[in-house]
Amino acid sequence: MNCQETRRYWDLFYDSEGDAELHFQLNEHLDNCVECAEWFDKQSRLESLIEQRLGVAASVELAPQVNWSSVLTGAGVTPAAKSRSWLFFSSSILALAASLLLIVGMYGLPFGDESPSLSYLSAEVHQHVSAGSLRPEFESRSDIEVDQYLLNKVSFPVRCPPRKDSGFAVAGAGLCELSQQPAAYVVGTVDQRPVSIFVLSKDSLDAFPKQRAELQRMQLTTCREGDTEMVLSIVDRNLVLVAGNVDSAKLTRVLKSYGTYPHTL
Amino acid sequence: MALPDREKAERFVAYLEPIQHQLAVYCSRALNRADETADVLQSAVATAFRDFDKYSEGTNFRAWMFRYVTLETLNRNRAAMRLPSELDEQQLSAPRTLDITSFRLETLLDDPDAVLDHCDEVVAESISQLTDQECRILLLRAVGDFKYREIAEIMDIPIGTVMGLLSRARTQLRSKLLDYARQHGLLSKGDSA
Chain U
1 MNCQETRRYW DLFYDSEGDA ELHFQLNEHL DNCVECAEWF DKQSRLESLI EQRLGVAASV
61 ELAPQVNWSS VLTGAGVTPA AKSRSWLFFS SSILALAASL LLIVGMYGLP FGDESPSLSY
121 LSAEVHQHVS AGSLRPEFES RSDIEVDQYL LNKVSFPVRC PPRKDSGFAV AGAGLCELSQ
181 QPAAYVVGTV DQRPVSIFVL SKDSLDAFPK QRAELQRMQL TTCREGDTEM VLSIVDRNLV
241 LVAGNVDSAK LTRVLKSYGT YPHTL
Chain P
1001 MALPDREKAE RFVAYLEPIQ HQLAVYCSRA LNRADETADV LQSAVATAFR DFDKYSEGTN
1061 FRAWMFRYVT LETLNRNRAA MRLPSELDEQ QLSAPRTLDI TSFRLETLLD DPDAVLDHCD
1121 EVVAESISQL TDQECRILLL RAVGDFKYRE IAEIMDIPIG TVMGLLSRAR TQLRSKLLDY
1181 ARQHGLLSKG DSA
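Line by line, the protein sequences give chains U and P. Residue 256 in the numbering used here sits at position 256 of the first sequence, and the numbers go up by one each step. Heads up, the numbering used here is the position in the second sequence plus 1000, with the first residue counted as 1.
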C-alpha cells in the first residue's frame, strides 16, 4: 500500500472501522513511513479536538436546559433511585460546585464533616480539563517532558504510564488539591478520548473513607460519575485514579501499566 | 410478559442513566432550536419507555434509545420547517473516504488548538448547516461514539451511505473552520489558499 492509498483510509483507521487486513496493511505502512504516521497523527488530533467540542465541551452550556428528573417525570417514568437524585443536578450546578471545589482546594478551606468522594472530585476536574475550562499547567505530548515537569513537584513519585502498554497518549500535567490533599494529574487520550490520571500519596486515602473501605476489600475498584468511568488502585506509594469517557477496561489497562516500571525517584 | 410498572421503570432508568449526558448533547446539537432539548428528550423518553417491553434484554440499549431521540429530533426539526433531507444521487455517490488534501489544512493541522479555542460557536453553527442526515451521522459518531454499522441501524440507511455522508460532513466542517480561521487571522503561517 502506498502513501496515497494509505491516506485515503485515514477515516476508517481513525474510526476503527474496516477489516483486520486493512488495518494490518495500514499499520505496516505507518510503521515504515514517518510522513504518513505524522500525517495520521495530525488528522486524528484535529478530529479528536472537533469531537471534544461537539461532545464534552457542550456539557456546560447544555445541562441547564435538561433536568433529567423532570424529563423522566414528564415522560411518565418514575425515577427508580430517588436516593441518587443528585445525579440529575444540572451541570451548571455541577460546574459551579466544581469551581468551588477547585477554589476551596486551592485555598485550603475546610469542607466540613462530610468529605466529598474522591471519585466525585476527580470526575469534576476531569470534565473541566476535557472541556477545556481547566487547562493543565504544563502541556506536552512527550512522556519524558511530563515526567520531568512533575519531578519534585509533589512529595510522591508521579510518572506517565508507558504508551505502548497503556495506549495512553499524554497531553499535559498539572497539580491540584482534592479535598485538601495534594494531587498531580496527567491528562491525555486513549483512543482519542480524554483520559485523566490522578495521583495522590497513599496517605491521602485517610481523607476519603469511602475509597479506603473499598480498597481494603478489593485491589482495584471501579465507579462512575455521570458519563465518566473511573478505576482506582494503590500503586506502590501512590493512590492512582484513572478517569475517562472510555470503557473501564481501557482505563484498567492504563492503571495496570502505570505500575509496570520501578519507581526510582 | 410485560413487566410490573415499578420494575419496568427501575430497569429503564438504570439503562438510561449512563447515557443521559450523551443523549442531551446529541439532542441539543441535532436540534435547530437547542432550547427544545428537554422537551424533545421527554417525548423520546416517553415513547421509548412505552415501547420498553419490546426491548430485547442484552441487545444494544444505547443504540435503541438513540434511535428514538434521532426520530424525535428529526420530527421536531421538520415541524420547525427545516427542509427534510432526502438522499439524492449526488449523496449516494459521495466519496467513501475523506479527501483531506482538497483543503490546505497544513497550518490548521499543525496547531489546531489555536483555531479551535476560538471556534466553539463556529463548530455549532457549521453543524447546523449540514443536512439533517449528515448532521445526525456526524453527531452519532462524534458524540454517541457509535460504529458505522450501528449508525446505519439507527438511521435505517445503508452502511455505505453512512461512510459517504460522514466523510462529507467532516470535510465540510473542516472547510468551515478553515474559512473562519483565515477570516479571523488565526492561521499563524499565512495560509492564503
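Where is the CB? At the ideal position from N, CA and C, for every residue including glycine.
DSSP assignment within the segment 136-214 of chain U yields the following whole alpha helix (DSSP H) runs of 4 residues or more, N-terminal first: 143-150, 163-166. If you check each beta-carbon in the segment 1039-1065 of chain P against every beta-carbon of chain U, the ones closer than 7 angstroms belong to L1041, Q1042, V1045, A1046, F1049. Not flagged as an interface residue toward chain P: R237 of chain U, since no C-beta distance is shorter than 8 angstroms.
According to DSSP, residue pairing for I234 of chain U in a beta bridge involves U:L239.
Chain P places no beta carbon closer than 8 angstroms to that of G174 of chain U, leaving this residue out of the contacts. Nearest CB-CB separation between A1181 of chain P and chain U: not below the 8 angstroms threshold. Within 9 angstroms of the CB of N67 of chain U, the CB atoms of chain P belong to A1038, in sequence order along the chain.
Taking a beta-carbon distance threshold of 8 angstroms, A20 of chain U does not count as an interface residue toward chain P. DSSP, read as helix, strand or coil, puts G244 of chain U in strand. In the three-state reduction of the DSSP assignment, L220 of chain U falls in the strand class. Secondary structure within the segment 7-34 of chain U: the alpha helix (DSSP H) runs of 4 or more consecutive residues, fully enclosed, are 10-14, 20-32 (chain order).
DSSP places E225 of chain U within a strand segment (E or B) once states are collapsed to three.
The Cβ-Cβ distance between T1073 of chain P and V1040 of chain P falls below 8 angstroms. Chain order gives the chain P residues near G74 of chain U as Q1042, where near means a beta carbon separation below 7 angstroms.
In this structure, M1163 of chain P sits away from Y1180 of chain P, with a CB-CB distance that is not shorter than 8 angstroms. Taking a cut-off of 8 angstroms on C-beta distances, the segment 239-251 of chain U does not touch the segment 1010-1020 of chain P, as fewer than three cross pairs fall below it.
Here E1134 of chain P is near A1169 of chain P, since their CB atoms are less than 8 angstroms apart.
Around the beta carbon of R7 of chain U, 16 or more other beta carbons lie within 10 angstroms, which makes this residue buried. Cβ contact annotation for L1139 of chain P (same chain, cutoff 6 angstroms, sequence separation greater than five): Y1026, R1029, A1030, in chain order. Chain-ordered listing is empty here: chain P has no CB closer than 7 angstroms to the CB of G167 of chain U, the nearest sitting near 16 angstroms.
In this structure, the CA atom of W1064 of chain P is about 12 angstroms from the CA atom of D1156 of chain P. Annotated three-state conformation of G1164 of chain P is helix, per DSSP. From the beta-carbon of L1139 of chain P, the residues of chain U found nearer than 8 angstroms are L54.
Contact of S70 of chain U with chain P by beta-carbon distance below 9 angstroms involves A1038, Q1042. Under a 10 Å Cβ-count criterion, D1005 of chain P is classified as exposed, with fewer than 16 other Cβ atoms of the shown protein chains found around its own Cβ. The shortest CA-to-CA distance from R159 of chain U to any of U:A169, U:V146, U:R253 is the one to U:V146. The DSSP-derived three-state label of K1147 of chain P is coil. For the segment 140-153 of chain U, the set of residues with a beta-carbon nearer than 8 angstroms to any beta-carbon of chain P is empty.
For V125 of chain U, the three-state secondary structure derived from DSSP is helix.
Closest option to V187 of chain U, judged by alpha-carbon separation, among U:A171, U:D41, U:L12: U:A171. Around the beta carbon of L134 of chain U, 16 or more other beta carbons sit within 10 angstroms, so the residue counts as buried. Look at the beta carbons and you see the segment 1040-1052 of chain P touching the segment 65-75 of chain U: at least three pairs across the two are nearer than 8 angstroms.
Judged by DSSP secondary structure, K1008 of chain P falls within the alpha helix (DSSP H) whose first and last residues are 1005-1016. Contact annotation, I1151 of chain P with I1137 of chain P: C-beta distance approximately 6 angstroms; criterion of less than 8 angstroms satisfied. Secondary structure of H1021 of chain P (DSSP, three-state): helix.
Apart from the 5 residues on each side of it in sequence, R1067 of chain P sits with its Cβ closer than 6 angstroms to the Cβ of I1154 in its chain, given in chain order.
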